[in-house]
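A.B. asks:
2 protein chains.
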Amino acid sequence: MIRWFDDLTLGMRFRSRTQRITREDIKQFAAQFDPQPFHLDEAAAEHSPLQGLAASGWHTAAVAMRLAVEIRPFGPHPLFGLGVDELRWLAPVRPDDTIYIEGEVVELTPSRTKPQGVVRIKWTAYNQHGEPVYTFTPIGIVPRRPE
Amino acid sequence: MIRWFDDLTLGMRFRSRTQRITREDIKQFAAQFDPQPFHLDEAAAEHSPLQGLAASGWHTAAVAMRLAVEIRPFGPHPLFGLGVDELRWLAPVRPDDTIYIEGEVVELTPSRTKPQGVVRIKWTAYNQHGEPVYTFTPIGIVPRRPE
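Top line first, the protein sequences correspond to chains A and B. Quick note: the first sequence uses our numbering, first residue 819, plus one each step. Quick note: the second sequence uses our numbering, first residue 819, plus one each step.
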């Protein structure tokens, strides 16, 4: 069971449940945060670079965060960090796709000055065909076990 | 006026309108995408690393995207890209903060094989005190002017 930075190991892996993203979800997120035609309107999307309606990349990012939070990779500690590296959108997320994420611990660096460490988990989101659609590597901060 | 990749120049700058983020906005986004106590509950947030209720970093990212879309830095072409580099959260976004973004073109690389180019704009979001709260550098793709 993971309770502290010290319980994490390089190569440790995580997997989330699946989440369906509906046409309505896509349009609702886009209307609020990314109002571009290929996220809002089927006809306009046909002639766009995405060749059909697709979720905003930021919508996919938000759903991936939701799935990561539920995994609780840091046990009782929050998913809380400084930022994200290597955020890439790999393929469109279409209406009614179901996605899940897998993660692997790729860096563990104890702080020299504070009772905590930096944890990088490389997360990849896959659709129902097993195709990777999105990847991101957040820079998390996790407390060390008190001595 | 910007219509093509060829109209962009290094150092070109952009600035958005301001957007207020309310307590209700923060809780609503968090309930859907980042259900951690310090984004949902004032009392729990007091004792968290954020020392008070604050927006999910992904909420700030989504609002920044909204503001960037409205700027239309690529003229008639969409904000569409491969991913994002150097995404960092610099300070908490609190209830009723108003944020705006500024951007600067930091890279222009014409494709050798396609009639398009890669454009990197470094965007920074500031709050009403002028403090930077968030920065991200998306990797955009913009068509070249037809010959």
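Glycine residues also receive a C-beta, built at the ideal position from the N, C-alpha and C atoms.
(1) Just checking: is the beta-carbon of residue 871/B within a distance shorter than 9 Å of some beta-carbon in chain A?
(2) Quick one, which residues of the stretch 843-862 of chain A are near chain B if we go by CB-CB under 9 Å, in chain order?
(3) Output the distance between the C-alpha atoms of residue 943/B and residue 860/B, rounded to the nearest integer angstrom.
(4) Nearest-angstrom Cα distance between residue 923/B and residue 883/A?
(5) Whole angstroms is fine: what's the gap from residue 886/B's alpha carbon to residue 834/B's?
(6) Give the secondary structure of residue 875/B by DSSP, where H, G and I count as helix, E and B as strand, and everything else as coil.
(7) Using a C-beta cutoff of 9 Å, does residue 896/A count as contacting chain B?
(8) Taking 8 Å as the limit between beta carbons, can you name the residues of its chain near residue 933/B, skipping five residues before and five after?
(9) When you compare the CB positions of residue 870/A and residue 910/A, do they come within less than 9 Å of one another, or not?
(10) Is the shortest distance between the beta-carbon of residue 904/A and the beta-carbons of chain B less than 9 Å?
(11) Pick out whichever of 898/B, 938/B, 894/B has its Cα sitting closest to the Cα of residue 828/B.
(12) Can you tell me where the beta strand (DSSP E) with residue 844/A in it begins and where it stops?
(13) Indicate whether at least one CB of chain B lies closer than 9 Å to the CB of residue 867/A.
(14) Measuring alpha carbon to alpha carbon, tell me which residue in 891/B, 849/B, 868/B is nearest residue 824/B.
(15) Can you give the Cα-Cα distance for residue 928/A and residue 868/A, rounded to whole angstroms?
(16) Using the C-alpha atoms, what's the distance from residue 951/B back to residue 837/A?
(17) Using the Cβ count rule (16 or more neighbours within 10 Å means buried), how would you classify residue 956/B?
(18) Taking Cβ positions only, does residue 941/A come closer than 9 Å to chain B?
(19) Across which residues does DSSP place residue 915/A in a beta bridge pair?
(20) Measure the Cβ-Cβ separation of residue 907/A and residue 921/A and say whether it is below 9 Å.
(21) Hey, quick one: how far does the beta strand (DSSP E) through residue 904/A stretch, first residue to last?
(22) Give me the residue from 876/B, 926/B, 912/B with the minimum Cα distance to residue 847/B.
(23) Near residue 845/B, what residues of its chain come up, given a Cβ to Cβ distance below 6 Å and the 5 sequence neighbours on each side ignored?
(24) Leaving out five residues on either side along the sequence, give the residues of the same chain with a beta carbon under 6 Å from the beta carbon of residue 832/A.
(25) For residue 909/A, would you say it is in contact with chain B, using Cβ-to-Cβ distances shorter than 9 Å as the test?
(26) Using a Cβ-Cβ cutoff of less than 8 Å, which residues in the same chain neighbour residue 918/A once the five nearest sequence positions on both sides are dropped?
C.D. replies: Judging by the given coordinates:
(1) For the purposes of this step, residue 871/B is taken as the residue at position 53 of the second sequence. No Cβ of chain A is located within less than 9 Å of the beta carbon of residue 871/B.
(2) 847, 850, 851, 852, 853, 854, 855, 856
(3) For the purposes of this step, residue 943/B is taken as the residue at position 125 of the second sequence. For the purposes of this step, residue 860/B is taken as the residue at position 42 of the second sequence. If I take the Cα positions, the gap works out to 24 Å.
(4) By 1-based counting over the second sequence, the position of residue 923/B is 105. By 1-based counting over the first sequence, the position of residue 883/A is 65. Rounded to whole angstroms, residue 923/B to residue 883/A spans 29 Å at the Cα level.
(5) Mapped onto the second sequence, residue 886/B falls at position 68. Mapped onto the second sequence, residue 834/B falls at position 16. Looking at the two C-alpha atoms, the distance is approximately 7 Å.
(6) Translated into the one-based positions of the second sequence, residue 875/B becomes position 57. The DSSP-derived three-state label of residue 875/B is helix.
(7) To locate residue 896/A, count along the first sequence from 1; it is residue 78. Closer than 9 Å to some Cβ of chain B, the Cβ of residue 896/A qualifies, so yes.
(8) As a working note, residue 933/B is residue 115 in the second sequence. The residues 961, 962, 964, in chain order, have a CB closer than 8 Å to that of residue 933/B in the same chain once the five nearest residues on each side in sequence are set aside.
(9) In the first sequence, counting from the first residue as 1, residue 870/A sits at position 52. In the first sequence, counting from the first residue as 1, residue 910/A sits at position 92. The answer is yes: Cβ separation under 9 Å.
(10) The residue you call residue 904/A lines up with position 86 of the first sequence. Chain B contact via Cβ: present.
(11) Locating residue 828/B in the second sequence gives position 10, where the first residue counts as 1. Restricting attention to 898/B, 938/B, 894/B, the CA atom closest to the CA of residue 828/B is found in 938/B.
(12) For the purposes of this step, residue 844/A is identified with residue 26 of the first sequence, where counting begins at 1. Counting along the chain, residue 844/A falls outside any beta strand (DSSP E), though it belongs to the alpha helix (DSSP H) covering 841-851.
(13) On the first sequence, position 49 is the one that residue 867/A refers to. Yes, contact with chain B.
(14) Counting from one through the second sequence, the residue named residue 824/B turns up at place 6. Comparing Cα positions, the closest option is 891/B.
(15) One-based indexing of the first sequence puts residue 928/A at position 110. One-based indexing of the first sequence puts residue 868/A at position 50. Going by the C-alpha atoms only, they are around 42 Å apart.
(16) Counted from its first residue, the first sequence places residue 837/A at position 19. Counted from its first residue, the second sequence places residue 951/B at position 133. So the alpha carbons of these two residues sit roughly 30 Å apart.
(17) Reading the second sequence from its first residue, position 138 is the one you call residue 956/B. With 16 or more other Cβ atoms within 10 Å, it is buried.
(18) Looking up residue 941/A in the first sequence gives position 123. Residue 941/A does not count as touching chain B.
(19) To locate residue 915/A, count along the first sequence from 1; it is residue 97. DSSP, once it has assigned bridges, lists 839/A as partnering residue 915/A.
(20) Locating residue 907/A in the first sequence gives position 89, where the first residue counts as 1. Locating residue 921/A in the first sequence gives position 103, where the first residue counts as 1. No, Cβ-Cβ distance for residue 907/A and residue 921/A is not below 9 Å.
(21) Mapped onto the first sequence, residue 904/A falls at position 86. Where residue 904/A is concerned, the enclosing beta strand (DSSP E) stretches over 899-907.
(22) Along the second sequence, read from residue 1 onward, the residue named residue 847/B stands at position 29. For the residues 876/B, 926/B, 912/B, the minimum Cα distance to residue 847/B belongs to 876/B.
(23) The residue given as residue 845/B occupies position 27 in the second sequence. Closer than 6 Å at the Cβ level, and outside the excluded window around residue 845/B, lie 858.
(24) For the purposes of this step, residue 832/A is taken as residue 14 along the first sequence, with counting starting at 1. For residue 832/A, where only same-chain residues beyond five positions count, the Cβ hits under 6 Å are 889, 891, 921.
(25) In the first sequence, residue 909/A corresponds to position 91, counting from 1. Residue 909/A does not count as touching chain B.
(26) Counting from one through the first sequence, the residue named residue 918/A turns up at place 100. So the qualifying residues of the chain are 833, 834, 835, 836, 837, 885, 943, 944.
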